[in-house]
Each structure stands twice: as structure tokens, then as C-alpha cells.
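*Asks:* Dropping a structure here in C-alpha cells format, bear with me for questions.
In my numbering, the protein residues as written are 220 to 295.
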């Protein structure tokens, strides 16, 4: 994801969930795992995201490599 994607996602999440704090994250995932899925445009060619079904999220979590990084801070 690009920084522009990160900022858009952070603002969108705040609009959907009225929490005091949240923000987009960045993390690495084992390549072989991600090859199961496709990246899609989400609101324009500059905004892309992986589409991973909810039932696969536990498997995704098992394939995260290294730390999860907060890339933008959004406060409500």
C-alpha cells in the first residue's frame, strides 16, 4: 500500500468506527501465502488492497513475519 492508501484507509476507518484512536498498519506476510489472493483496486487505481476472506484471517495472522507497524495515527 502507498502512503496515500494508508491515509485514506485511516480516515475511512475512523468514519466507520467511532473509536478514540486507530490507524492503518503495515506488516509483511509470507509470499507463498499471499500468492493465493489477488490485489484489487479499491476506489481508484492509486488505492489498492488485498482481498482476503474473513474465514482466512486466522491463517493470515499465522503468516505475518516480523512486527506490525502503525503507519499513520488517526484520532477521533
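Here a beta-carbon is modelled for each residue, glycine too, at the ideal position from N, C-alpha and C.
With distance defined between alpha-carbon atoms, name the residue in 262, 264, 268 nearest to residue 244.
*Replies:* Nearest C-alpha to residue 244: 268.
*Asks:* Going by DSSP, which residues form a beta bridge with residue 269?
*Replies:* Paired residues: 258.
*Asks:* Based on Cα-Cα distance, which residue from 283, 246, 271 lies nearest to residue 259?
*Replies:* The shortest Cα separation from residue 259 among 283, 246, 271 belongs to 271.
*Asks:* Name the residue from 284, 292, 273 whose alpha carbon lies nearest to the alpha carbon of residue 256.
*Replies:* Cα-wise, what sits closest to residue 256 is 273.
*Asks:* Measuring alpha carbon to alpha carbon, tell me which residue in 292, 280, 266 is nearest residue 247.
*Replies:* Out of 292, 280, 266, 280 has the C-alpha closest to the C-alpha of residue 247.
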